[in-house]
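In what follows, a structure is listed as structure tokens, so that the remarks can point back to it.
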Amino acid sequence: MADERVLDEVVTFTSDLIRIDTTNRGGGDCQERPAAEYAAARLAEAGLEPVLLERTPGRTNVVARLEGTDPSADALLVHGHLDVVPAEAADWSVHPFSGEVRDGVVWGRGAVDMKNMDAMILAVVRAWAREGVRPRRDVVIAFTADEEASAEDGSGFLADRHAHLFEGCTEGISESGAFTFHDGEGRQLYPIAAGERGTAWLKLTARGRAGHGSKVNRENAVTRLAAAITRIGEHEWPLRLTPTVRAALTELAAVYGIETDLTDVDALLDKLGTAGKLVESTVRNSANPTMLDAGYKINVIPGEAVAHVDGRYLSGVEDEFRATMDLLTGPDVDWEFQHREVALQAPVDSPTFARMRAAVEAFAPEGHVVPYCMSGGTDAKQFSRLGITGYGFAPLKLPEGFDYQALFHGVDERVPVEALHFGVHVLDRFLRTA
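Position 243 of the sequence shown, counted from 1, bears residue number 271 in the working numbering, the numbering being contiguous throughout.
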């Protein structure tokens, strides 16, 4: 990239976006519009024609298209979300919405999830405008609302109501991939996401017989619910390997010179050591009880008790997940989806994956690029409704001891300036060749 101004802009844009508080508390409590207007203005300055779209006032999305040189080529979607999860300022070393740059690090909520990538996209597009660069294929840029909740006001709304804006898009890139993972033994891994587990946020309802707390009650809703969530929390889910996870285990084993024995995956994960953490959450389904709500007075047995469970399932085994939940909840507890989204798979032998790999290796030749499956989910789920295959590719070169994954939704979220510089170089390289 010839234009060094891009290195300053990616830091400035990251800091500026962090200072715009787009906290998403769920239930519609968020205002992304100021951040959307900021992003749209930066795109317009680069000669693009962004459109702002809302399902709900203030819940604003931005979409723009950069035309490529080959009109016959499929288009590429590059997307990032504008909202962030809540942050309690009293818990932080630096105010979470300060965007402060201190000792070569940008601090604040969204520094890694994912205003850094939003800033990279803006910086690269603007550098291209100054340089007169056009990509081979059309690049559709989308900045979305509501990713940190249901996505109903964001990517879901765009996919359902504005599909024409994504015409020709067959693949997309977004968050949670191509970051440095230090294994503690001197190796640097760069996992690129080629899959996501499905989302199954559940509401459990136990019903029983209300009564006085001093009386014998064999139909206690709280007891029934407690038994069900205990079964769920203690359940040992069976091993289920998707193509992406198989590829991840195979490539990691090759990096470490370990024989790939997929008949005993748990033993293989142990041999991989720290690197096994990239895979261990995606070899099985999972269901974690997270919230409880029952009763209103200590001496009153309620007639109903409610719990919430964060469930995740792998591609191809949703039916098994449903059947297991029926079994674990039992006859006295009902369950329903409060939010459900599909599991995703993306090919790791595609030309696009190869180009992402090459872009990372060009700037981190000492690193080992490997595929992996995200344990959670992104806006790629909603965009998959349009036939768009999604990858996680938001490149960052991170120093050892910088626990990138722990900072997602964590305290003192931050990103090194040098990581942002690496990111724009890699993103630019990939998008030029994509």
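C-beta: ideal position from N, C-alpha, C; glycine also.
All values reported here derive from a predicted model rather than from experimental measurement.
Given a cut-off of 8 Å, decide if residue j and residue i are closer than it, judged by their beta-carbon atoms.
i: residue 211; j: residue 303; result: yes
i: residue 265; j: residue 314; result: yes
i: residue 54; j: residue 177; result: yes
i: residue 293; j: residue 277; result: yes
i: residue 140; j: residue 435; result: yes
i: residue 422; j: residue 206; result: yes
i: residue 113; j: residue 367; result: no
i: residue 253; j: residue 339; result: no
i: residue 102; j: residue 165; result: yes
i: residue 249; j: residue 322; result: yes
i: residue 414; j: residue 125; result: no
i: residue 297; j: residue 274; result: no
i: residue 41; j: residue 150; result: yes
i: residue 45; j: residue 147; result: yes
i: residue 272; j: residue 373; result: yes
i: residue 200; j: residue 369; result: no
Would you decide whether residue i is buried or exposed? Buried here means 16 or more other CB atoms lie within 10 Å of its CB.
i: residue 327; result: exposed
i: residue 240; result: exposed
i: residue 223; result: buried
i: residue 329; result: buried
i: residue 262; result: exposed
i: residue 175; result: buried
i: residue 410; result: buried
i: residue 453; result: buried
i: residue 181; result: buried
i: residue 267; result: exposed
i: residue 416; result: buried
i: residue 78; result: buried
Please report the Cβ distance between residue i and residue j, rounded to the nearest whole angstrom; I am assuming they are in contact, meaning their Cβ atoms lie under 8 Å.
i: residue 459; j: residue 167; result: 7 Å
i: residue 245; j: residue 443; result: Contact flag wrong, Cβ pair sits at about 54 Å.
i: residue 419; j: residue 426; result: Not really, about 19 Å apart at Cβ, beyond 8 Å.
i: residue 284; j: residue 388; result: Not really, about 19 Å apart at Cβ, beyond 8 Å.
i: residue 233; j: residue 361; result: 7 Å
Residues in its own chain within less than 8 Å of residue i by CB, not counting five upstream and five downstream?
i: residue 213; result: 301 and 302
i: residue 385; result: 220 and 397
i: residue 162; result: 94, 95, 96, 97 and 156
i: residue 132; result: 444, 445 and 446
i: residue 306; result: 209, 217, 219, 276, 280, 398 and 400
Sorted by chain position, which residues of the same chain lie with C-beta nearer than 7 Å to residue i's C-beta, five sequence neighbours on each side aside?
i: residue 14; result: It is not possible to answer for residue 14, since the shown part of the chain is limited to 29 through 462.
i: residue 317; result: 257, 260, 261, 335 and 337
i: residue 357; result: 232, 256 and 363
i: residue 428; result: 210
Excluding the five sequence neighbours on either side, which residues of its own chain have a C-beta within less than 6 Å of the C-beta of residue i, listed in chain order?
i: residue 170; result: 91 and 107
i: residue 135; result: 122, 128 and 442
i: residue 153; result: 74
i: residue 198; result: 102
i: residue 52; result: 58, 111, 176 and 177
Original post:
Mind pulling the alpha helix (DSSP H) runs of 4 or more residues that sit fully within the stretch 168 to 231?
Top reply: 183 to 189
**OP:** Can you check the stretch 317 to 387 for any alpha helix (DSSP H) of at least 4 residues that lies completely inside it and give the ranges in chain order?
**Re:** 346 to 357
Original post:
What runs of the beta strand (DSSP E), each 3 residues or longer, lie entirely inside the stretch 75 to 156?
Top reply: 79 to 82, 88 to 94, 103 to 109 and 133 to 135
Original post:
If you scan the stretch 231 to 264 from start to end, which runs of the alpha helix (DSSP H) of 4 or more residues do you find wholly inside it?
Top reply: Counting whole runs of 4 or more residues, the stretch 231 to 264 contains the alpha helix (DSSP H) stretches 249 to 262.
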